[in-house]
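Undergrad: Every letter in the sequence shown is one number past the one before it in the UniProt record's numbering, and letter 21, counting from 1, is 21. First the structure, which I've put down as structure tokens, then a few questions once you've had a look.
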Amino acid sequence: MKPHTRRRGAWTFFRQWLRSPLRTAAVAPSGRELAAAMIAELPVGTRRVIELGGGTGALTRALLAHGIDGDALLALELNEELHAHLHARFPQVRVELGDARDLANVAARNGFLDAGLADAIVSGLGLLAMPRETQHAILESAFACLRPDGRFVQFTYGPQQPVADEVVAALGLQVRRGDFVLMNMPPATVYVFGR
Ligand SMILES: C[S@@+](CC[C@H](N)C(=O)[O-])C[C@H]1O[C@@H](n2cnc3c(N)ncnc32)[C@H](O)[C@@H]1O
Numbered sequence: 001m002k003p004h005t006r007r008r009g010a011w012t013f014f015r016q017w018l019r020s021p022l023r024t025a026a027v028a029p030s031g032r033e034l035a036a037a038m039i040a041e042l043p044v045g046t047r048r049v050i051e052l053g054g055g056t057g058a059l060t061r062a063l064l065a066h067g068i069d070g071d072a073l074l075a076l077e078l079n080e081e082l083h084a085h086l087h088a089r090f091p092q093v094r095v096e097l098g099d100a101r102d103l104a105n106v107a108a109r110n111g112f113l114d115a116g117l118a119d120a121i122v123s124g125l126g127l128l129a130m131p132r133e134t135q136h137a138i139l140e141s142a143f144a145c146l147r148p149d150g151r152f153v154q155f156t157y158g159p160q161q162p163v164a165d166e167v168v169a170a171l172g173l174q175v176r177r178g179d180f181v182l183m184n185m186p187p188a189t190v191y192v193f194g195r
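This is the structure:
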């Protein structure tokens, strides 16, 4: 990526953080090391991926570089300015404006699910700061779009896994801790959720 593209992305992201720190959930886009740690958790042979909270596209870019086809990648973003940024930066990707709670409807309307369920969902959402009902609604909608042995890969800046135990139990999920990535601002841990 050209340095000025990275700088513009970082500035766009920071402006959104100033406007809505809780929702944006980070002051800067994810770094390369974190993107690599997320991608390392994709199931072997992954072709179809959904990204939640695309931001300025740090993970989107890494997924494309990993070999995921733009047409097999659906990126959902709630913030209008970030959505427009993603759409302009990745015209080959299925970029949608919407709320992760509504993912199943958005994916069906988009036509993404016509070719089958997703192998994996990667999420940069600030789940830790969300109320339990919101976490429940997001994960329920996400798992409705995932193949039975698909994975939901999430990073968090917090010290423990970012979804309330009650939500994990109510949805019958299993959680595994992945890599801790020190070389990120702030450092982050990857968690993998499955059924
Ligand atoms: C921590 S940022 C991660 C951005 C990017 N994936 C990265 O790793 O650099 C979280 C993103 O999730 C978006 N977001 C927050 N709540 C959302 C929701 N309910 N549905 C979809 N996107 C949401 C925010 O606008 C923000 O772009």
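We put the CB at the ideal spot given by N, CA and C, even for glycine. Since the model is a prediction, treat every value here as computed from it, not as a measurement.
Taking 6 Å as the limit between beta carbons, can you name the residues of its chain near GLY54, skipping five residues before and five after?
TA: For the purposes of this step, residue 54 is taken as residue 54 along the sequence shown, with counting starting at 1. Here the set comprises THR60, ALA75, GLU77, LEU86.
Undergrad: How big is the Cα-Cα spacing for PHE14 and THR56?
TA: Stepping through the sequence shown from its first residue, residue 14 is reached at position 14. Stepping through the sequence shown from its first residue, residue 56 is reached at position 56. Each residue's alpha carbon lies about 10 Å from the other.
Undergrad: Tell me, please, which residues DSSP counts as bridged to residue 216.
TA: A question about residue 216 goes unanswered here, because the residues of the chain that appear run from 1 up to 195.
Undergrad: Which residue spans inside the region 88 to 137 form an unbroken beta strand (DSSP E) run of at least 3?
TA: Within the region 88 to 137, the complete beta strand (DSSP E) runs of at least 3 residues are 94 to 97, 118 to 123.
Undergrad: Which residues bound the alpha helix (DSSP H) around THR189?
TA: On the sequence shown, position 189 is the one that residue 189 refers to. Per DSSP, THR189 belongs to no alpha helix (DSSP H); it is in the beta strand (DSSP E), 188 to 194.
Undergrad: Mind checking GLN174: buried by the 16 CB within 10 Å criterion, or exposed?
TA: Here residue 174 is taken as the residue at index 174 of the sequence shown, counted from 1. Under this definition GLN174 is an exposed residue.
Undergrad: Could you pull out every residue in the same chain whose Cβ sits closer than 6 Å to the Cβ of GLY158, ignoring the five residues on either side in sequence?
TA: By 1-based counting over the sequence shown, the position of residue 158 is 158. The residues are LEU128.
Undergrad: Do SER30 and ligand 1 come close, with the Cβ less than 6 Å from some heavy atom?
TA: Locating residue 30 in the sequence shown gives position 30, where the first residue counts as 1. Yes.
Undergrad: For the region 87 to 105 against the region 26 to 33, are there 3 or more C-beta pairs whose distance is under 8 Å?
TA: Too few Cβ pairs lie closer than 8 Å, so no.
Undergrad: Answer yes or no: the CB of THR12 versus the heavy atoms of ligand 1, is any distance below 6 Å?
TA: By one-based count along the sequence shown, residue 12 stands at place 12. THR12: no, Cβ never under 6 Å from ligand 1.
Undergrad: May I ask which residues mark the beginning and end of the alpha helix (DSSP H) holding VAL167?
TA: Along the sequence shown, one-based indexing puts residue 167 at 167. That run of the alpha helix (DSSP H) goes 165 to 170.
Undergrad: With C-beta atoms as the reference, is ALA164 less than 7 Å away from PHE152?
TA: In the sequence shown, the residue the question calls residue 164 occupies position 164. In the sequence shown, the residue the question calls residue 152 occupies position 152. No.
Undergrad: Starting from the N-terminal side, write out each stretch of the alpha helix (DSSP H) that is 4 residues or longer and does not extend beyond the region 37 to 81.
TA: Correct list: 58 to 66.
Undergrad: For GLN16, which residues from the same chain have a beta carbon less than 7 Å from its beta carbon, with the 5 sequence-adjacent residues on both sides left out?
TA: The residue you call residue 16 lines up with position 16 of the sequence shown. Closer than 7 Å at the Cβ level, and outside the excluded window around GLN16, lie THR24, ASN79, GLU81, LEU82.
Undergrad: For MET183 versus GLU33, is the C-beta spacing smaller than 7 Å?
TA: The sequence position of residue 183 within the sequence shown is 183, counting from 1. The sequence position of residue 33 within the sequence shown is 33, counting from 1. It is a contact, given that the beta carbons lie within the stated cut-off.
Undergrad: For PRO159, which three-state DSSP category applies?
TA: Position 159 of the sequence shown, counting from 1, holds the residue named residue 159. In this structure, PRO159 counts as coil in the three-state DSSP scheme.
Undergrad: From this set, ALA62, ALA169, GLY67, ARG48, which residue's C-alpha is nearest HIS136's C-alpha?
TA: Taking the first residue of the sequence shown as 1, we reach residue 136 at position 136. Nearest C-alpha to HIS136: ALA169.
Undergrad: Following a CB-centred definition, is ARG195 positioned closer than 6 Å to any heavy atom of ligand 1?
TA: Here residue 195 refers to the residue found at position 195 when the sequence shown is read from its first residue. ARG195: no, Cβ never under 6 Å from ligand 1.
Undergrad: Apart from the five residues on each side of it in sequence, which residues of its chain come closer than 6 Å, Cβ to Cβ, to LEU139?
TA: The residue you call residue 139 lines up with position 139 of the sequence shown. Answer for LEU139: LEU171, listed in chain order.
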